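See below for the structure under consideration.
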Amino acid sequence: MAIPDEHKWRYIFHFTDIENLDSIIKNGLLCTNVKNALGIKHKNIANTTIQERRANMDVPVGPGGKVHDYVPFYFSSINPMLLKKLNEKNVDQQFIIYLCVKIQRMEEEDAVFTDASANTIETPSFYNDVKDLDKLDWAAIDKKSWGVSSDDERHKKMAEALIHKRVDISEIDAILVFNNGIKDAVKKVFEENGVQAPTIVFDGDRKLSNYHFYYTKFFIATQKNNSLVTGPATLLSHFKSLIQEILKQRQEPNKSYPYNSIKVLLDALEKDITVIRELKDVEDVLQDYEPHNDTVGDHTRSVVAEMKKQDYYNNASNEKKNILLLSAYLHDIGKGPKNKWKDGIMKGAYPDHPADAVPMLLRILTEEIESISDEEIRQVCMLVVYHDIIGDCMEKGREKQQVADVIESEDDLDMLFAISCADAKAVTGVWELGILGRKKSFKEAIMKMKQS
49 MAIPDEHKWR YIFHFTDIEN LDSIIKNGLL CTNVKNALGI KHKNIANTTI
99 QERRANMDVP VGPGGKVHDY VPFYFSSINP MLLKKLNEKN VDQQFIIYLC
149 VKIQRMEEED AVFTDASANT IETPSFYNDV KDLDKLDWAA IDKKSWGVSS
199 DDERHKKMAE ALIHKRVDIS EIDAILVFNN GIKDAVKKVF EENGVQAPTI
249 VFDGDRKLSN YHFYYTKFFI ATQKNNSLVT GPATLLSHFK SLIQEILKQR
299 QEPNKSYPYN SIKVLLDALE KDITVIRELK DVEDVLQDYE PHNDTVGDHT
349 RSVVAEMKKQ DYYNNASNEK KNILLLSAYL HDIGKGPKNK WKDGIMKGAY
399 PDHPADAVPM LLRILTEEIE SISDEEIRQV CMLVVYHDII GDCMEKGREK
449 QQVADVIESE DDLDMLFAIS CADAKAVTGV WELGILGRKK SFKEAIMKMK
499 QS
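When you line the sequence shown up against the numbering used here, it's residues 49 to 500, in that order.
Okay, here's the thing in structure tokens:
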């Protein structure tokens, strides 16, 4: 059977980390079971629980076997699973590439497909006759907006094309990349393997003009081409570079600072939070989403007040208290400036505000405070850039390894807990209780990672 005329223009898509491309060129795009049998390692961004379901899910048509006997592709280019991984802060989106195959590949005998994702407890319907493509929910698959109306629509949008065992690199018609840097990196991997690269295209390219792939900050004019969320590797790199650049700039002679020390700045902030430009810019930003219904300025003052109630804060040295309070004041500066948002209203959570704080911290810590040690700079940067990491790991599935990668000691971890609890308590006491209830086991896991 041939692909129905109304679908002949379509592609199917497999997305993966660019780190896996060398292996794919050498071995082909392999199903999980074949990779495991051959001992081939690859960077996996899939959920462990989902993979367990796929390993045990029967394929009742075509070559049969389990879902893990097939290379997975999607009919939709806008993938809710990628969005979930982004919001978990577990993926660097710019390193994700899409391997694009013409839908005519589904005419082969080793191809089957589903009418929904093969990720749920409830098994989707499986087909191996392309005339049954009409049974898929193409309205959901082709929907360009990010949102879905229900879990049912989400799973139908993620209907899968499954190729038994292996797809050769020669079958890839195009590779979709995030930017020119990744395009060059893809070309280099092909050149190193002595293989001709397929067409390399960008989102919105004429070849794939009916599709959109990446999640970007289209709603912020100055960042519209940036990834919706800064991934872990990129954020860690920005964090380390931030500290190095602050230390470098502070070595320049003839600097004039308005505040002699952190303590002097804190005294000024206690009287007027807007004495720092970045805090003034974010003071009146309205957070219009649950559980918030306040301005960033009001929330910031609440976090500072809650920090002063933390046990760790009250038992700390005066120097440590100053670091914690300054970080509490600065933790949400990345939600500004006010003109970032239409009418100054932030509708919905903005998970990338810690990353947006990086250039602001550079200015503040090089221009505002005269006497501040290298260690104080490092810890303030850590607390602001990673103030949300504890809650994200506990509630959103962010990988704990990211905490181990950024802290240098158990004291660093205790400081992160202090700002996380203060931030959570300022919103709702239930959140703080949830963090405190898991603090002991969480700390044990992180410190074990640091020692290994």
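Don't be surprised by glycine CBs; every beta carbon is placed ideally from N, CA and C.
Remember, it's a predicted structure, so these values are computed and weren't measured experimentally.
Beta-ladder partner(s) of Gln335, from DSSP: As a first step, residue 335 is located in the sequence shown; it is residue number 287 there, counting from the start. Checking the DSSP bridge columns, you'll see Gln335 partnered with Asp342, Met394.
Distance, Tyr434 Cα to Gln297 Cα: Locating residue 297 in the sequence shown gives position 249, counting from the first residue. Locating residue 434 in the sequence shown gives position 386, counting from the first residue. Rounded to the nearest angstrom, the two C-alpha atoms are 23 Å apart.
Pick from Ser257, His379, His340 that is closest to Ile437, judged by C-alpha positions: In the sequence shown, counting from the first residue as 1, residue 437 sits at position 389. The alpha carbon of Ile437 has as its nearest neighbour, out of Ser257, His379, His340, the alpha carbon of His379.
C-beta contact flag for Val149 and Val109 at 8 Å: Sequence index remark: in the sequence shown, residue 149 carries index 101 (1-based). Sequence index remark: in the sequence shown, residue 109 carries index 61 (1-based). The answer is no: Cβ separation not under 8 Å.
Check whether Thr264 and Leu283 have beta carbons under 8 Å apart: Position 216 of the sequence shown holds residue 264. Position 235 of the sequence shown holds residue 283. Against a cut-off of 8 Å, the Cβ pair of Leu283 and Thr264 comes out as no contact.
Cβ-Cβ separation, Asp117 to Asn68 (assumed contact under 8 Å), whole Å: Locating residue 68 in the sequence shown gives position 20, counting from the first residue. Locating residue 117 in the sequence shown gives position 69, counting from the first residue. Contact doesn't hold; Cβ gap of about 19 Å is too wide.
Buried or exposed (CB count within 10 angstroms, at least 16 for buried), Asn479: Mapped onto the sequence shown, residue 479 falls at position 431. Strictly speaking, residue 479 in this sequence is Trp, with Asn absent from that position. Using a 10 angstroms sphere on the CB of Trp479, the tally of other CB atoms reaches 16 or more, which defines it as buried.
Counterpart residues of Arg214 in DSSP-defined beta bridges: What you label residue 214 is simply residue 166 of the sequence shown in a count that begins at 1. Beta-bridge pairing links Arg214 to Leu78.
From Leu130, Val243, Asn228, residue whose alpha carbon lies closest to that of Ile220: Here residue 220 refers to the residue found at position 172 of the sequence shown. Ranked by Cα distance from Ile220, the first of Leu130, Val243, Asn228 is Val243.
Leu313: first and last residue of the uninterrupted alpha helix (DSSP H) it sits in: Here residue 313 is taken as the residue at index 265 of the sequence shown, counted from 1. Segment 310-319, the alpha helix (DSSP H) holding Leu313.
Per-residue DSSP class, three states only, for Ile98: Counting from 1 along the sequence shown, the entry for residue 98 is found at position 50. Ile98: helix per DSSP, three-state reduction.
CB of Ile321 within 8 Å of CB of Thr348, strictly: By one-based count along the sequence shown, residue 321 stands at place 273. By one-based count along the sequence shown, residue 348 stands at place 300. Cβ distance < 8 Å, so Ile321 and Thr348 count as in contact.
Counted within 10 angstroms of its Cβ, other Cβ atoms place Ser468 as buried (16 or more) or exposed: By 1-based counting over the sequence shown, the position of residue 468 is 420. Classification for Ser468: buried.
Residues near Ala405 by beta carbon distance below 6 Å, same chain, minus five either side: Taking the first residue of the sequence shown as position 1, residue 405 is located at position 357. Sequence-distant partners of Ala405 (beyond 5 residues in either direction) whose C-beta falls short of 6 Å from its own C-beta, in its chain, are Ile381, Gly382, Val432.
Tyr361 (DSSP reduced to helix, strand or coil): Stepping through the sequence shown from its first residue, residue 361 is reached at position 313. If DSSP states are grouped into helix, strand and coil, Tyr361 belongs with the helices.
Euclidean distance between Cα positions of Ile371 and Pro172: Here the question's residue 371 lines up with position 323 in the sequence shown. Here the question's residue 172 lines up with position 124 in the sequence shown. CA-CA distance, Ile371 to Pro172, rounds to 53 Å.
Bridge-paired residues (DSSP) for Val106: As a working mapping, residue 106 is identified with position 58 in the sequence shown. Note that residue 106 corresponds to Asp in the displayed sequence, not to Val. Its beta-bridge partners are Lys114.
Option nearest Ile91 by Cα separation, candidates Leu77, Glu100, Ile66, Arg101: Here residue 91 is taken as the residue at index 43 of the sequence shown, counted from 1. First, the residue type needs correcting, since residue 91 is Lys and not Ile in the sequence shown. Measuring from the Cα of Lys91, the nearest candidate turns out to be Ile66.
Any 3 or more C-beta pairs closer than 8 Å across the stretch 190-206 and the stretch 164-182: Because the criterion of three Cβ pairs below 8 Å is met, the stretch 190-206 and the stretch 164-182 touch.
Opposing strand residues paired with Tyr259 [DSSP bridges]: Stepping through the sequence shown from its first residue, residue 259 is reached at position 211. BP columns for Tyr259 are empty, so no partner.
Close-in-space but distant-in-sequence residues of the same chain around Arg214 (CB under 6 Å, 5 per side omitted): In the sequence shown, counting from the first residue as 1, residue 214 sits at position 166. Beyond the five residues adjoining it in sequence on each side, Arg214 comes within less than 6 Å, by CB distance, of Gly76, Leu78 in the same chain, given in chain order.
Delimiting residues of the beta strand (DSSP E) encompassing Phe61: Along the sequence shown, read from residue 1 onward, the residue named residue 61 stands at position 13. Counting along the chain, the beta strand (DSSP E) containing Phe61 begins and ends at 59-65.
Own chain residues within Cβ distance below 8 Å of Leu461, not counting five before or after: Locating residue 461 in the sequence shown gives position 413, where the first residue counts as 1. Taken in chain order, the residues that qualify are Val451, Ile455, Lys491, Ile494, Met495.
Alpha carbon of Asn104 to alpha carbon of Ile223, nearest angstrom: Within the sequence shown, numbered from 1, the residue matching residue 104 stands at position 56. Within the sequence shown, numbered from 1, the residue matching residue 223 stands at position 175. Within the model, the alpha-carbon separation for Asn104 versus Ile223 is close to 30 Å.
Residue environment, Trp389, which counts as buried when at least 16 other CB atoms sit within 10 Å: Counting from 1 along the sequence shown, the entry for residue 389 is found at position 341. With 16 or more other Cβ atoms within 10 Å, it is buried.
Minimum length 4: unbroken alpha helix (DSSP H) runs contained in the stretch 440-486: Contiguous alpha helix (DSSP H) elements confined to the stretch 440-486 occur at 449-454, 458-475, 477-485, taking only those with 4 or more residues.
Boundaries of the beta strand (DSSP E) in which Ile230 is found, first to last residue: Here the question's residue 230 lines up with position 182 in the sequence shown. Looking at the DSSP string, Ile230 is not in any beta strand (DSSP E); the run it does join, the alpha helix (DSSP H), is 228-240.
Cβ-based neighbour list, Gly485, same chain, cut-off 8 Å, excluding 5 preceding and 5 following: In the sequence shown, counting from the first residue as 1, residue 485 sits at position 437. So no residue of the chain qualifies.
Beta-ladder partner(s) of Cys148, from DSSP: Within the sequence shown, the letter at position 100 stands for residue 148. Answer is Phe61, Ala222, bridged to Cys148.
In DSSP terms, what Pro120 is bridged to: Reading the sequence shown from its first residue, position 72 is the one you call residue 120. The partner list for Pro120 (beta bridge, DSSP) reads Leu210.
Through-space distance from Gln335 to Met442, alpha-carbon basis: Counted from its first residue, the sequence shown places residue 442 at position 394. Counted from its first residue, the sequence shown places residue 335 at position 287. Looking at the backbone, the Cα of Met442 and that of Gln335 are separated by about 23 Å.
Three-state class that DSSP yields for Tyr307 in the structure shown: Within the sequence shown, residue 307 is the residue found at index 259, counting from 1. Per DSSP, reduced to three states, the secondary structure at Tyr307 is strand.
Which of helix, strand or coil DSSP assigns to Ile126: Counted from its first residue, the sequence shown places residue 126 at position 78. Correct three-state label for Ile126: coil.
Which of helix, strand or coil DSSP assigns to Ile494: The residue labelled residue 494 in the question sits at position 446 within the sequence shown. If DSSP states are grouped into helix, strand and coil, Ile494 belongs with the helices.
CA-to-CA distance, Ile217 to Ser285, given in whole angstroms: Taking the first residue of the sequence shown as 1, we reach residue 285 at position 237. Taking the first residue of the sequence shown as 1, we reach residue 217 at position 169. When only Cα atoms are considered, Ser285 and Ile217 end up about 32 Å apart.
Residues of its chain near Ile393, where Cβ-Cβ distance is below 6 Å and the 5 sequence neighbours each way are ignored: Taking the first residue of the sequence shown as position 1, residue 393 is located at position 345. Cβ neighbours of Ile393 beyond the five flanking positions: Leu334, Asp336.
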